[in-house]
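Below you'll find the structure, written out as structure tokens, and then a few comments.
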Ligand SMILES: NC(=O)c1ccc[n+]([C@@H]2O[C@H](COP(=O)([O-])OP(=O)(O)OC[C@H]3O[C@@H](n4cnc5c(N)ncnc54)[C@H](O)[C@@H]3O)[C@@H](O)[C@H]2O)c1
Ligand SMILES: [Zn+2]
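Residue numbers (our numbering): 800 to 1136.
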């Protein structure tokens, strides 16, 4: 089991345990004084078979983004009261990003905040959602509009739990892993899975530690996400998040090439990484470019004109003031070679 520290101020640093069987070390991540644990999970997620050393009660939430709601959080908190959960107790969220976002947010608001430990059961959860302390739920008006920064006391990434993960969910996780290739000079493909996941956690931990509340550098974690979000919001495309990110990474490479920030070899490197994960960089058939541009203009990162996270001579960085003509040229590049 590999231990990665997320270094945060104010005594809030925590460990992420990565490895097959890591869940058996979960009890060590619970804060001292916890007398009862509320396990928040979902049908279909592997059942936690770890002895936590204290009584546990399991609460099950629904599947799908509709379950990621304030209604679910209210129901959870009311059930916490019934189960006698006090401010010194702990939530353990066992599931993918949906469960850790909802369980983490319930923990953030119950008694104005109790401890939470995440057990990520999807690849995407392990390398992204469970790390970094962003929690929240959706509103009918949009995704993740209500939430809190609430750092966990620890995170478990037990790769054994991925044995039951459906192929599409696996693919979604690899889209997020592909992103990390461009945030580091390491050759992530050369690493065995366990070390690769640990390295992704380490990269995210380092970026989060340098900018916990996303006022700057943390935006780099959105590499490939500007177009991905537009594809997710704007279409009825059959794309999991990581698959949309893969298309976004391909597009970001084309845009960086259009702007003269990278050369053809570096574009080819993007495609080599995406291909290694069998990810499709091609936008889905039927995508309306004008509609996507409209959505990207509304993206929260678009503060002045179009702002993109782009590769370049100094590595990946936030680039403001990208003109529409460059966006169009890059789209032409990805759709017509
Ligand atoms: N907080 C963050 O920083 C952050 C980052 C990225 C994504 N997210 C959020 O995470 C969510 C997406 O997370 P996700 O991709 O993990 O999807 P998910 O949590 O919806 O899980 C996908 C499906 O896989 C099932 N599943 C989970 N683990 C399984 C396992 N081991 N075996 C079999 N089935 C399993 C789930 O029940 C679900 O049906 C979104 O709501 C997104 O907004 C949050
Ligand atoms: Zn993402």
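Note that CB positions come from ideal geometry on N, CA and C, so glycine has one too. No experiment lies behind these values; they were computed from the predicted model shown.
Pairwise C-alpha distance: residue j and residue i
{"i": "residue 756", "j": "residue 1070", "result": "For the chain, the structure presents residues 800 to 1136; residue 756 sits outside this window and is missing."}
{"i": "residue 936", "j": "residue 1123", "result": "32 Å"}
{"i": "residue 853", "j": "residue 825", "result": "12 Å"}
{"i": "residue 1100", "j": "residue 835", "result": "Bear in mind that the predicted position of residue 1100 carries a pLDDT of just 49, short of 50, making it unreliable; the figure below should be weighed with that in mind. Cα to Cα, residue 1100 sits roughly 41 Å from residue 835."}
{"i": "residue 960", "j": "residue 823", "result": "12 Å"}
{"i": "residue 871", "j": "residue 1112", "result": "46 Å"}
{"i": "residue 817", "j": "residue 951", "result": "15 Å"}
{"i": "residue 875", "j": "residue 1039", "result": "27 Å"}
{"i": "residue 831", "j": "residue 887", "result": "9 Å"}
{"i": "residue 983", "j": "residue 953", "result": "24 Å"}
{"i": "residue 926", "j": "residue 1005", "result": "13 Å"}
{"i": "residue 962", "j": "residue 990", "result": "19 Å"}
{"i": "residue 978", "j": "residue 1022", "result": "6 Å"}
{"i": "residue 1068", "j": "residue 980", "result": "10 Å"}
{"i": "residue 996", "j": "residue 1033", "result": "30 Å"}
{"i": "residue 976", "j": "residue 1003", "result": "11 Å"}
{"i": "residue 928", "j": "residue 896", "result": "5 Å"}
{"i": "residue 1013", "j": "residue 1037", "result": "29 Å"}
{"i": "residue 933", "j": "residue 1087", "result": "31 Å"}
Residue i CB to nearest heavy atom of ligand 1 below 7 Å
{"i": "residue 978", "result": "no"}
{"i": "residue 917", "result": "no"}
{"i": "residue 841", "result": "yes"}
{"i": "residue 921", "result": "yes"}
{"i": "residue 824", "result": "no"}
{"i": "residue 862", "result": "yes"}
{"i": "residue 943", "result": "yes"}
{"i": "residue 934", "result": "yes"}
{"i": "residue 1110", "result": "no"}
{"i": "residue 806", "result": "no"}
{"i": "residue 845", "result": "yes"}
{"i": "residue 900", "result": "yes"}
Neighbourhood of residue i by C-beta, 7 Å cutoff - its chain only, sequence neighbours within 5 removed
{"i": "residue 879", "result": "837, 909"}
{"i": "residue 842", "result": "859, 862"}
{"i": "residue 840", "result": "857, 859, 893, 894, 898"}
Ligand 2 heavy atom lying under 7 Å from the CB of residue i
{"i": "residue 1044", "result": "yes"}
{"i": "residue 975", "result": "yes"}
{"i": "residue 1024", "result": "yes"}
{"i": "residue 1010", "result": "no"}
{"i": "residue 1040", "result": "yes"}
{"i": "residue 927", "result": "yes"}
Close beta carbons around residue i, own chain, < 6 Å, minus the five adjacent residues each side
{"i": "residue 988", "result": "1075"}
{"i": "residue 1007", "result": "931"}
{"i": "residue 1026", "result": "1047, 1050"}
{"i": "residue 1066", "result": "1052, 1056"}
{"i": "residue 906", "result": "890, 913, 915"}
For residue j and residue i, believed in contact at Cβ under 8 Å, the rounded distance
{"i": "residue 974", "j": "residue 1042", "result": "6 Å"}
{"i": "residue 916", "j": "residue 889", "result": "6 Å"}
{"i": "residue 946", "j": "residue 904", "result": "6 Å"}
{"i": "residue 1117", "j": "residue 1134", "result": "Actually they are not in contact, since the Cβ atoms of residue 1117 and residue 1134 sit about 25 Å apart, beyond 8 Å."}
{"i": "residue 815", "j": "residue 833", "result": "So it is not a contact: roughly 19 Å between Cβ atoms."}
Cβ-based neighbour list, residue i, same chain, cut-off 8 Å, excluding 5 preceding and 5 following
{"i": "residue 993", "result": "801, 817, 818, 819, 958"}
{"i": "residue 811", "result": "950"}
Checklist entry - Mind pulling the alpha helix (DSSP H) runs of 4 or more residues that sit fully within the stretch 1014-1072? => result 1024-1033, 1040-1057
Checklist entry - Residue ranges of each beta strand (DSSP E) run of no fewer than 3 residues wholly in the stretch 849-874, ordered along the chain? => result For secondary structure counted as the beta strand (DSSP E) over 3 or more consecutive residues, the stretch 849-874 holds these complete runs in sequence order: 855-859.
Next on the checklist: If we require 3 or more residues per run, which beta strand (DSSP E) segments fall completely within the stretch 918-987?
Outcome noted: 933-938, 941-948, 953-956
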